[in-house]
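S.K.: Sending over a structure as C-alpha cells; questions will come in a sec.
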Amino acid sequence: MFRLEGVRYKNILDIESLLIPAGMVTSVVGESGSGKTTLLKLLNKLISPDRGSIFFNDKPFSEINSIELRRKVVMLSQSPAIFPGTVKHNLLIGLKFAEKPGATDQDLATILKFIHLSKDFEDDAEKLSGGEKQRLALGRVILLDPQVFMLDEPSSSLDEETEKLVMDKLVSHSRQKGKTLIMVTHAKKIAQAYSDKIIEIKNGREAVTCRK
Amino acid sequence: MQEIIQIQFWQMAAAYIFVLILMIIVKVKGIPREKEIALSTVRMTLQLILTGFVLVYLFENPHPLLVLLTLAIMQLFAISNIFKRVKTKLSHKLKKIIALAMVTGTLTSLLYFILVVINLSPWYEPRYFIPLAGMLIGNSMTGISLGVTRLVEGMNTQKKLVETALMLGATPKAASRQITDNAFDAAILPTINSMVGMGIVFLPGMMTGQILAGISPITAIEYQIAIMLGIVGSVALTVILFVQLGYKTFFNHEQQFEI
Ligand SMILES: Nc1ncnc2c1ncn2[C@@H]1O[C@H](COP(=O)(O)OP(=O)(O)O)[C@@H](O)[C@H]1O
Ligand SMILES: [Mg+2]
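From first to last, the protein sequence lines stand for chains A and B.
This note's numbering puts the first sequence at residues 704 to 915.
This note's numbering puts the second sequence at residues 54 to 312.
Here it is in C-alpha cells:
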C-alpha cells in the first residue's frame, strides 16, 4: 500500500526503505519523540519529505493530489481538535470536510455505540472528558469510511477496559471490511495483541518486526 | 447662505490649551507620555498645514495626473500604516495580498462612486475626488487592519483545528473557513456599528464640515448617506478580497499548512 524509499525529514526521520502492506494492521511503536507522528503525517502528505519518495499503490506522491489522498488515507491526530458545537456536529463535520454525503441519525447512533460513547446528539462536545473527546474524534474518522485508517495513539486517554473494547471493535471492523489500519501506540502490548506488522522507530530510523 | 465664521489665528492657537491640560494631567500623574503628546501634536499640526497647502494647490490646478499622484500617495501611506499597525509579523506574501486588496477594493468602489453615484465631471475634480478617496481609503485601512490581525491570530491559535480539518480531507478553504469568517466579521463590525449611531450619537466629520460651510443639512445628509454606503462597500470589498486571498498564504501548493 505504502512504499518509502530513502525518505528523510529534517533531522527527525531517515528511512532507507519501508513497506506498509494493504489490508493489514500495522503498528508503529517507539519512544516519545522518536518520530512516529512525523511518519504518519508524511503518509497523508500533511508534510513532505526533504529527500526520497513515497508511493501509494505504486503511484508516487508527487502525482497524487494531497486532498484526494487525505480522503482515502484519513489520519486521527493524537490530540484531535473538537469543533465548537454538538456531538452530532462533530461527527458530521468530517463528512462535510471530505465533501461526502451526510449520514442518517441511525448511522450516527451506530457510530456512538461503536465507540462506546453514551451521549446525546445535542450534547455540547466541548464539555466531554478527554477520553470521550478522543472517542468522538475516532467516531468521526470511522464515519468517513476511508481505505486507510491512520490512528495516532487512539487509545492513549482511555482506561484499560474501554481501550480493549474499542480496539477489539476497531481491529475486527477494519479486518472485516478489508481496510488498512496503521496505528501508533505507546503500548507494546497493544501492538503485539492486534498487529500483523510492527514498525519500531529508534532515533529516527525504523526497525521492522514482522509477525504472522 | 450664511457667512462662515472665520477662525482667527489666535483663536486656533487657543485650542492648544486642550493639549496643555493633557500635558499637565500626565505630568501630575507621572505618566511618561509628554514626549509622545508633544510630538504627535506637532506632527498633526504640520501635517494638516502641509495638507492644506497641497489641497489649495490641487484645487486651483485641477489636473488628472496630479490627482492620481495624490491617490497613489494616499494608498502608499494607508498600506504602510496597516503594516505598522498590525502587531504580529506578516509574511511577504501576505503583505502583497494586503496591498492588492486595498488598491483593488478601494479603487473599484471609488470609481463606482465617482462615475455612477455622483457622476462627477470632470471625473478628477479634486474638490470631490480627493476627500472621497480619503474617506474610502481611510475606512478600508481600519477595516483591513482588524481583519489582518484576526486572520493571523486565528491561524496561530487555531492551528490544531485547521490541521484536524485537513486530516479529515478538508480543502484549505474549508479548513480555514471559521477563521476567515471571523476575520471578515471583525473587520466590518466597526463600520456597521457606525451606521447604527449615525446622526444620533454623532454627526460625521464630512457632514459637520459641509453644514459649517453653509450647505443645507438635507444636501449634507444626502451626501453622508451616499458616502456611508460607499464606505460600507469599500470596506466589505477590500476585506473580502483580503481574506479570500490571504488565507491561501498559510498553505503551500501541496495544501499543507505552513506556519
Ligand atoms: N514541525 C516540527 N519541526 C521541527 N521539529 C519537530 C516538528 N514536529 C515535531 N518535531 C520534533 O520531531 C521529533 C519527533 O516528533 P514526533 O514525530 O511527534 O514524535 P512521536 O510522535 O514519536 O512522539 C521530536 O523531537 C519533535 O520535537
Ligand atoms: Mg506522537
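All C-beta atoms in this analysis are idealised placements derived from N, C-alpha and C, irrespective of residue type, glycine included.
Assuming A:V844 and A:L779 are in contact, meaning their beta carbons sit under 8 angstroms apart, how far apart are those beta carbons, in whole angstroms?
M.R.: 5 angstroms
S.K.: DSSP three-state label for B:Y177, please.
M.R.: coil
S.K.: Which whole-angstrom value describes the C-beta separation of B:L294 and B:A152, a residue pair presumed to lie in contact below a C-beta threshold of 8 angstroms?
M.R.: Actually they are not in contact, since the Cβ atoms of B:L294 and B:A152 sit about 11 angstroms apart, beyond 8 angstroms.
S.K.: I need the straight-line Cα distance from B:L341 to B:F136, nearest angstrom please.
M.R.: Residue 341 of chain B falls outside the range modelled here, since chain B spans only 54 to 312, and no answer is possible.
S.K.: Is the CB of B:K213 under 8 angstroms away from at least one CB in chain A?
M.R.: yes
S.K.: For A:V869, would you say it is in contact with chain B, using Cβ-to-Cβ distances shorter than 8 angstroms as the test?
M.R.: no
S.K.: Should A:M778 be flagged as near chain B, meaning a C-beta pair shorter than 8 angstroms?
M.R.: yes
S.K.: State the DSSP-derived secondary structure class of A:R908, mapped to helix, strand or coil.
M.R.: strand
S.K.: So, B:G314 versus B:A228, is the Cβ gap smaller than 8 angstroms?
M.R.: No information on residue 314 of chain B is available, as it lies outside the stretch 54 to 312 that chain B covers here.
S.K.: Going by alpha carbons, who is nearest to A:F786 out of A:A840, A:H819, A:L721?
M.R.: Sorting A:A840, A:H819, A:L721 by C-alpha distance to the C-alpha of A:F786 places A:A840 at the top.
S.K.: Please report the straight-line C-alpha distance between A:Q809 and A:L861, rounded to a whole angstrom.
M.R.: 25 angstroms
S.K.: Could you tell me whether any non-hydrogen atom of ligand 2 is closer than 7 angstroms to the CB of A:D855?
M.R.: yes
S.K.: Quick check: what's the CA-CA separation for B:G158 versus B:L282?
M.R.: 14 angstroms
S.K.: Please list the partners that A:K748 has in chain B, where partner means a Cβ-to-Cβ separation under 9 angstroms.
M.R.: E307, Q308, Q309
S.K.: Please tell me whether, using a cut-off of 7 angstroms, the distance from the CB of A:T740 to the nearest non-hydrogen atom of ligand 2 is below it.
M.R.: yes
S.K.: I'd like to confirm the pairing. Which residues does DSSP put opposite A:M886 in its beta bridges?
M.R.: A:S730, A:L854
S.K.: Tell whether a beta-carbon distance below 8 angstroms holds between A:I904 and A:S737.
M.R.: yes
S.K.: Starting from A:Y712 and walking both ways along the beta strand (DSSP E), at which residues does that stretch end?
M.R.: 705–712
S.K.: Compute the minimum distance between the beta carbon of A:Q837 and the heavy atoms of ligand 2, and state whether it is under 7 angstroms.
M.R.: no
S.K.: Which residues in chain A sit within 8 angstroms of B:E216, going by Cβ to Cβ distance?
M.R.: L749, S780, A784
S.K.: The stretch 791–802 of chain A: which residues have C-beta closer than 8 angstroms to a C-beta of chain D, in chain order?
M.R.: Within the model displayed, chain D is absent; protein chains A and B are what it includes.
S.K.: I need the DSSP call for A:Q895, collapsed to helix, strand or coil.
M.R.: helix
S.K.: Measure from the alpha carbon of B:T291 to the alpha carbon of each residue in B:T94, B:S162, B:T210, then state which is nearest.
M.R.: The shortest Cα separation from B:T291 among B:T94, B:S162, B:T210 belongs to B:S162.
S.K.: DSSP three-state label for A:D919, please.
M.R.: Lying before the first or after the last residue shown, residue 919 of chain A is absent from chain A, which here runs from 704 to 915.
S.K.: In three-state terms, what does DSSP make of A:N763?
M.R.: It is worth fixing the name first, because residue 763 of chain A is Pro in this sequence and not Asn. Residue state, collapsed to three classes: strand.
S.K.: In chain A, which residues lie with their C-beta within 9 angstroms of the C-beta of B:G207?
M.R.: Those within 9 angstroms of B:G207 in chain A number zero; the least Cβ separation is about 13 angstroms.
S.K.: Examine chain B for any beta-carbon lying closer than 8 angstroms to the beta-carbon of A:S769, and answer yes or no.
M.R.: yes
S.K.: Around the Cβ of A:G907, are there at least 16 other Cβ atoms within 10 angstroms (buried) or fewer (exposed)?
M.R.: buried
S.K.: With a threshold of 7 angstroms (Cβ to nearest heavy atom), would A:V731 be considered close to ligand 2?
M.R.: no
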